[in-house]
Amino acid sequence: MPDRTKREVVRGRGYPSLAALILAAAAGLGAADEVGAQATPDASARAAAVLFTNATIIDGSGAPGYVGDLLIEAGRIAAVGAPGSIDAPPSAERRDLSGLVLAPGFIDIHNHSTTRLFDSPLATTQLAQGITTLVVGADGSSPWPISDYLGRIDELRPTVDVATLVGHGTVRGAVLGDEYRRTATDAEIADMTVRVERGMREGAFGLSSGLEYDPGFYSSTGELIALSRVAADHGGFYMSHMRDEEEGLLDAVDEAIRIGREAGLPVQISHIKAGNASVWGRAPDVLERIREANEAGLDVTADQYPYTAWQSGLAIVVRSRMFSNPDSVAKGIEAAGGGSRLQIVAFEPEPELNGLRLDEIARRKEMTEVEAYMWIMENGGSGLIGHTMNEDDVDTFMASEWVMTASDGGVRSAHPRGAGTFPRVLGHYARERGVLTLERAVARATSMPARRLGLADRGVLRAGARADLAIFDPERVIDRSTFDDGTRQATGIESVWLDGVETWSAGEPTGARPGRALRRPG
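If you read the sequence shown in this note's numbering, its first letter stands for residue 1, the second for the next number, and so on.
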């Protein structure tokens, strides 16, 4: 079956094109990751047994690292222990990892490689970060039907395991069609619950929402509670791109927590941030609300990418949706801090403008920033990288026990997070700046997302767990992607293993493709 474009996946049945404009950049619009990959799943032979010796073992639990050995057999971790303590089979391959860290494979709980995997099954920029499992279907936009998508992943056999959520926007768009700019009726909500039920039965891990985007923007809290109850009945969780990450940030956090409380399921706040200057310094207030919710018996966590710029669509700047109203446009640009903070990407009519800031485009076109914004929107809109965040807030979220790592990027992402997120946390924030320990950085990428997904067989190095491994040089691991070159591969990840098969070695894919679709346990 041919790959579908991001626009088609976002739209689903009747999903409005505005959402495609807003979310297209998140799907990944940078240079090619790899095209026409020649490797086949036949290269995915699993080693019978491998003994890793003298590694610095950081097991994903958050416990201090230690030097030790680890044995894998038949795709599982057979033993973990002190150097020389493991009785490996005589035929076992031996690898000396002196000076290297051995950790569980990284789990990216918010990834937008949904369709890009089908023409880039090696997922090179993902492997180069140590990612072994990724979750798509975030921000309210998911594949549909879920079973068809997961079946295609099983046939593809990429280099990573792939799970999905069911998107609130996808099912809402299917039910309301072009009439999405209103509150749904009880009958329409009932129709949506049937679709969420179907998605969960077909293997989705939870319900995602994108409440800054159409058509989720117009939904009521009651609608979201009703649909979340269906996900709860199936052991799922609720992941939300909240209604507002700027002026209405705290109210949006309160709404997400309320949905979890009234629907009776865990909550995951997507790409947590204080989105512009109006809420800089409010990260402690957000975390206090999360702490209080957890102390009250709820289960609320968040994920974060390690950059001070976000990626979405240009439309999101004008929250009123009045894109042709100069006053509304001017208000949105001012709230973002001016056109110099708004970097245009994925503008198809004039690709030579991609990478420029809105103020520069205005000068080139001899327009005001407001006129330039309206001109771009009139010509189909664009992706956007918004340089509107504050490093102190990023640090505060980074250090929190409630926050895990996720890229919100993926294969071919124009934003550097798609190729650099996990190595940047390990290198820049842990090694270079000491914002968190290396052990904590690993736990954020392994056991935390595994627990949220209910995956008991991965995320921690222990006997019986899956042999999903990331081996890296703690002195060299770092991101290399930039806002001008978003797909540059990270360095320092030496080897990656999925289900006992090595997928990454010496800076390139091995060609093995042992990946499969994951379906919600039970």
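Using N, Cα and C, we set each Cβ at its ideal position, and we do this for glycine too. Just so it is clear, the structure is predicted and the values come from calculations on it, not from any experiment.
(request) With distances taken Cα to Cα, identify the nearest neighbour of residue 127 among 500, 494 and 220. (result) 494
Check: Smallest Cα separation from residue 129: which of 115, 135 and 107?
Finding: 107
Whole angstroms is fine: what's the gap from residue 393's alpha carbon to residue 214's? Across the structure, residue 393 and residue 214 are spaced so that their CA atoms are roughly 28 Å apart.
| request: Determine the burial state of residue 423: buried for a count of at least 16 other Cβ atoms within 10 Å of its Cβ, exposed for fewer. | output: buried
Task: Paired residues, beta bridge with residue 161 - DSSP - done: Note: residue 161 sits in a beta bridge opposite 133.
inquiry  = Below 8 Å on the Cβ atoms is my contact criterion, and I expect residue 45 with residue 92 to pass it. Report the Cβ-Cβ distance as a whole number of Å.
reply    = The Cβ separation is near 15 Å, so there is no contact.
Use the C-beta contact count for residue 322: other C-beta atoms within 10 angstroms, 16 or more gives buried, fewer gives exposed. exposed
Backbone secondary structure at residue 58 - three-state DSSP: coil
- request: Name the residue from 51, 47 and 56 whose alpha carbon lies nearest to the alpha carbon of residue 475.
  value: Minimum Cα distance to residue 475 is reached at 56.
- [ ] Decide if residue 187 is buried, meaning its Cβ has at least 16 other Cβ atoms within 10 Å, or exposed.
- [x] exposed
Review point. Which residues in the same chain have their Cβ closer than 7 Å to the Cβ of residue 189, if we skip the five residues on either side of it in sequence?
Key: Once the five neighbours on either side are set aside, the close Cβ partners of residue 189 are 223 and 226.
* Asked: I think residue 384 touches residue 311, with their Cβ atoms under 8 Å apart; what is that distance to the nearest whole Å?
  -> 7 Å
Item to complete: Taking only the alpha-carbon atoms, compute the straight-line gap between residue 430 and residue 195 and give it to the nearest angstrom.
Response: 42 Å
Requested in this report: Under 8 Å Cβ to Cβ from residue 460, same chain only, skipping five residues before and after it: list those, please.
Outcome: 59, 60, 61, 104, 446, 447 and 450
Look at the Cβ atom of residue 183, then the Cβ atom of residue 220, and state whether they are nearer than 8 Å.
yes
If you count every other CB in all the chains shown that lies within 10 Å of the CB of residue 111, and 16 or more means buried, which is it? buried
For a test of the three-state rule: what should DSSP assign to residue 182, helix, strand or coil? coil
Tell me which residue opens and which closes the beta strand (DSSP E) that residue 239 is part of. 237 to 241
- prompt: Cβ of residue 357 within 8 Å of Cβ of residue 340?
  reply: Between residue 357 and residue 340, the C-beta spacing is below 8 Å.
key: Three-state secondary structure (DSSP) of residue 105   = coil
- Message: Short of 7 Å in beta carbon distance, which residues of its chain neighbour residue 467, apart from the five on each side in sequence? Order them along the chain.
- Response: 72, 75, 76, 77, 497, 499 and 500
Please report the straight-line C-alpha distance between residue 261 and residue 509, rounded to a whole angstrom. Near 44 Å, if we compare the C-alpha coordinates of residue 509 and residue 261.
Pick from 159, 198, 337 and 218: whose alpha carbon is nearest that of residue 181? 218
Straight-line Cα distance separating residue 453 from residue 361: 43 Å
| request: Starting from the N-terminal side, write out each stretch of the beta strand (DSSP E) that is 3 residues or longer and does not extend beyond the segment 265 to 336. | output: 267 to 269, 300 to 304 and 310 to 313
Taking all protein chains shown into account, do 16 or more other C-beta atoms lie within 10 angstroms of the C-beta of residue 132, making it buried, or fewer, making it exposed? buried
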